[in-house]
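Per this note's numbering, numbering of the first sequence is gapless, rising by one per residue and ending at 499.
Positions of the beta carbon are idealized from the N, C-alpha and C atoms, including for glycine.
Every value quoted in this text rests on a predicted model; they were computed, and no experiment measured them.
Comments concern the structure below.
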Amino acid sequence: MRLRFAPSPTGALHVGGARTALYNWLLARHDGGTLVLRIEDTDRERSTPENVEQILDALRWLQIDYDEGPISQVARSERHKQVLAQLLDGGHAYHSTATKAEVDAFKAEHGSKQGFRGEAEPSGAIRLRVPDDGETVVHDLIRGDTTFAHVHLDDPVIARADGSVLYNFAVAVDDLDAGITHVVRGEDHLSNTPKQLLVLEALGAQPPVYAHLPLLHGSDGRKLSKRHGAASVQELRDEGYLPEALRNYMALLGWGSQDDETIISTDELVQQFSIERVSKNPAQFDHQKLRWLNGRYVRALPVDELTQRLEAFTGRGGLRAAVEISREKMQTLADFWPLAGFIFDGPADDPAAREKWLDEAGRVTLRAVRDALAPLAQFTQSAVQAALEGVVAALGVKPKQVFQPIRVALAGRAVSPGIFETLAVLGRDESLARIDRALRS
RNA sequence: GCCGCUAUCGUCUAGGGGACUAGGACGCCGCCCUCUCACGGCGGAAACCGGGGUUCGAAUCCCCGUAGCGGUACCA
59 MRLRFAPSPT GALHVGGART ALYNWLLARH DGGTLVLRIE DTDRERSTPE
109 NVEQILDALR WLQIDYDEGP ISQVARSERH KQVLAQLLDG GHAYHSTATK
159 AEVDAFKAEH GSKQGFRGEA EPSGAIRLRV PDDGETVVHD LIRGDTTFAH
209 VHLDDPVIAR ADGSVLYNFA VAVDDLDAGI THVVRGEDHL SNTPKQLLVL
259 EALGAQPPVY AHLPLLHGSD GRKLSKRHGA ASVQELRDEG YLPEALRNYM
309 ALLGWGSQDD ETIISTDELV QQFSIERVSK NPAQFDHQKL RWLNGRYVRA
359 LPVDELTQRL EAFTGRGGLR AAVEISREKM QTLADFWPLA GFIFDGPADD
409 PAAREKWLDE AGRVTLRAVR DALAPLAQFT QSAVQAALEG VVAALGVKPK
459 QVFQPIRVAL AGRAVSPGIF ETLAVLGRDE SLARIDRALR S
């Protein structure tokens, strides 16, 4: 199998494109095949080096690698010109100066169901000659056969008047030259496929096998865009998602394993993935489910590994102890600092929490807590726990009445990692200092 | 407008003629666990787009309708 991922560098890589890349990668790795990366940069207006770099960066982060490329499509313009000449010589294509208005006029005259047919002219853009009769059938691994009657097709422009080639032509030639056996791409290309097939047929070439993936939609059922929150791979990375979790989630968007499992490692995906099981209907991208799935992956990570990732994510060091006590409460890497940042930056400022838990009764309790903690020989989690449970028993109050004031004194908020763990991580001096500060304020 | 694709809980899906009183997961609701928040456990509400066929029998096959989406560029 020779597959390809062929993004157009007109913006950041979005999850839709990332999923297409993933599916191609999964198929290539499953089969021991080859994945070719091609950059479809024939739109010179919108294609930029920055966008190319963004795509490469996104693929690197996702750990989706490729075996050949990246190949720039414009770099192949000599070959494209050569094939263009071949089609012109063979009478399969012709120059035409017909404008959009003229095409519309043609249809008005011949009926809206009649595709445009032009006359050969000495100059102008180049159109592919579509046969008047007959049909082109797209054989699709996911959708079965789709028939396109030639009479409905316009003679497509395959090269601009300046000689530069257009997508439907370049794709067909490049896939052919790269020896691509399977074209796996979004369903938005299904209607383009007969044009590409016609180019290949004019060249007398054998077409690849096609598989058109269902499109990805946002939460409102419409095309995924900025409106739906993070839509690019970079944004997802910045929101603290793990690449392995994102791969798992994207795989599930349009595909289900036989036993309908939800958590599937990348290795298992490589083993199980098959194009035949890809569904035909569009899927909506659901941040909620991704968050949940990411939480599962976060919790499955060894503490050292998670610490390393969080240190890279936050740009801070010495996080291990804080990570250990807060990992159960995180769903994304971005959740860490709001939850545990107080350990390093000092207590947060939450007036509502102070008012509720550091009232007169809270302060009385906090003093008792201080007296119980100060003389501890070992300031370990278990020693702290024993001491505090002693305070609870001695005061005869609910545990919460003792723990919440401590929590607010240490963290400045009513939410934090477990209180025994937090005290142990902060250590005696810092803990007592924070308690004293709370009592003074 | 024309061409085409699609149609199972709110969402992602399992299902490929009888095993379906339609299963799982996210989310939601309730209970349990509990020092907060989470995690975890248990339970619950929630779907076969509509209409015709085919068949002894249809979520599954066919047709029509409807809806959504895609294409219809000298964009990709």
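Here DSSP, grouped into helix, strand and coil, assigns Gln342 to strand. Collapsing the DSSP output to three states places Phe63 in a strand. Assignment of alpha helix (DSSP H) within the region 68 to 142, counting only whole runs of 4 or more residues, yields 73 to 89, 107 to 120 in chain order.
With the rule of 3 Cβ pairs closer than 8 Å, the region 414 to 422 does not count as touching the region 374 to 389. With a cutoff of 8 Å on beta-carbon distance, Glu386 and Arg357 are scored as near each other.
Distance from the CA atom of Pro457 to the CA atom of Val242, rounded to whole angstroms, is 59 Å. Measuring C-alpha to C-alpha distances from Ile216 to each of Leu248, His240, Thr205, Ala260 identifies Ala260 as the nearest. Looking at the DSSP output, Glu193 sits in a beta bridge with Ala207. Pairing Arg425 with Thr390 gives a Cβ-Cβ distance that is not under 8 Å. One alpha carbon belongs to Glu479, the other to Asp429, and they sit about 19 Å apart. Between Arg104 and Glu160, the alpha-carbon positions lie close to 27 Å from each other.
In the DSSP assignment, Ser290 forms a beta bridge with His72.
A distance below 6 Å between beta-carbons, with the five flanking residues on each side excluded, links Pro475 to the following residues of its chain, in chain order: Ile383, Ser384.
Apart from sequence neighbours up to five positions away, the residues of its chain that approach Ser489 with a beta-carbon distance below 6 Å are Leu481, ordered along the chain.
Of the residues Ala116, Pro180, Lys253, Glu177, the one whose Cα lies closest to the Cα of Tyr299 is Ala116. The region 324 to 343 and the region 85 to 98 touch, with no fewer than 3 CB-CB distances between them shorter than 8 Å. Assigned with DSSP and collapsed to three states, His168 falls in helix. With 16 or more other Cβ atoms from the protein chains shown falling within 10 Å of its own Cβ, Lys253 counts as buried.
In summary, Glu413 is exposed, with fewer than 16 beta-carbon neighbours lying within 10 Å of its beta-carbon over all protein chains present. Between Leu255 and Val196, the gap from beta carbon to beta carbon is short of 8 Å.
Boundaries of the beta strand (DSSP E) around Leu186: 183 to 186. Along the length of the region 353 to 414, whole alpha helix (DSSP H) runs at least 4 residues long occupy 361 to 372, 378 to 384, 394 to 398, 400 to 403, reported in chain order. Separation of the CB atoms of Leu468 and Leu484 is rounded to 7 Å, and the pair is thereby assigned contact status at 8 Å. Annotated as distal: Ala289 and Gly312, with beta-carbon spacing of 8 Å or more. The C-beta separation of Asp101 from Ser66 comes to about 7 Å, placing the pair in contact by the 8 Å criterion.
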